[in-house]
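Right, one structure below, let's go through it.
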Amino acid sequence: TQLFCPIQNTPLTNYPQSLNVVDDVLKAKNIHCKNKSKGCEWRGQLKELFLHVNQTCQKQIICCPQNGCNHSFQRESLYEHLKSCLFRDEICEFCKLTFQFINLDSHQQNECPKKLLPCPQNCGMLIERENIANHIKNDCENTVVDCEFKDFGCNEKLTKKERDENLLVNTIIYYKNHISEITNDFTL
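If you read the sequence shown in the numbering used here, its first letter stands for residue 450, the second for the next number, and so on.
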């Protein structure tokens with residue numbers, strides 16, 4: 450920038466060396482932190498003040514570093530604030546991905562693929578959200594299916610549990626009724 454004579458207020462073309470000396474004297478002067486009134490006891494050279502205030506002064510007002518949080522506080526309160534900040538990072542206990550705390554509950558309730566949910570057909574099983582369709586199709590005892598003998602004209606609809614129980618019971622009854630016929634065939 451253009452410098453002007455402090456007496457004549459005319460532009461200076463040759464900057465005097467004394468300006469560097471004044472600058473050096475000011476930078477070497479011991480001063481207090483600008484946050485002295487807030488309790489900071491730091492004292493040092495002007496050239497160190499910028500680093501102190503912007504990185505280490507515990508009384509300096511700073512903004513929360515979390516994306517989305519607008520809280521301001523003294524640097525000494527940062528740790529306590531981060532423990533309760535709604536925008537802090539938290540790991541989902543189910544899928545192990547990281548979310549802001551403010552969004553974690555919604556993620557777990559509505560979309561987390563690894564969250565365990567009760568079977569929607571009330572079979573009593575807990576299934577990861579991403580596996581519910583597969584569970585209903587392949588494993589759930591309460592899934593309604595056609596009778597095993599549909600190809601032979603039976604149009605009954607049963608749950609898998611009822612189908613398996615009926616098949617077992619009817620097989621036992623069939624063999625009980627026909628056991629004597631089977632054993633007689635072997636004794637002949």
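Idealized CB from N, CA, C, for every residue including glycine.
Being a predicted model, the structure only gives us computed values, none of them experimental.
Which partner residues of residue i appear in the DSSP bridge assignment?
i: residue 538; result: 549
i: residue 479; result: 494
i: residue 523; result: 510
i: residue 453; result: 460
i: residue 575; result: 567
i: residue 586; result: None; residue 586 has no bridge partner.
i: residue 606; result: 595
For residue i, count neighbouring Cβ atoms within 10 angstroms of its own Cβ and tell me buried if that reaches 16, exposed if not.
i: residue 546; result: exposed
i: residue 479; result: exposed
i: residue 516; result: exposed
i: residue 603; result: exposed
i: residue 484; result: buried
i: residue 606; result: exposed
i: residue 512; result: exposed
i: residue 584; result: buried
i: residue 575; result: exposed
i: residue 638; result: Absent from the model: residue 638. The displayed extent of the chain is 450 to 637, so no value can be given.
i: residue 492; result: exposed
i: residue 564; result: buried
i: residue 489; result: buried
i: residue 454; result: exposed
Could you check the C-alpha separation between residue i and residue j for me, to the nearest Å?
i: residue 541; j: residue 589; result: 27 Å
i: residue 460; j: residue 530; result: 51 Å
i: residue 537; j: residue 543; result: 18 Å
i: residue 451; j: residue 457; result: 14 Å
i: residue 572; j: residue 566; result: 12 Å
i: residue 505; j: residue 514; result: 15 Å
i: residue 568; j: residue 580; result: 10 Å
i: residue 509; j: residue 539; result: 27 Å
i: residue 494; j: residue 548; result: 43 Å
i: residue 594; j: residue 608; result: 6 Å
i: residue 496; j: residue 477; result: 7 Å
i: residue 498; j: residue 533; result: 31 Å
i: residue 556; j: residue 587; result: 27 Å
i: residue 501; j: residue 520; result: 22 Å
i: residue 592; j: residue 614; result: 14 Å
i: residue 525; j: residue 550; result: 22 Å
i: residue 582; j: residue 570; result: 11 Å
Three-pair Cβ contact test at 8 Å for the segment 554 to 571 versus the segment 594 to 601: A contact is defined here as three or more CB-CB pairs under 8 Å, and the segment 554 to 571 fails this definition with respect to the segment 594 to 601.
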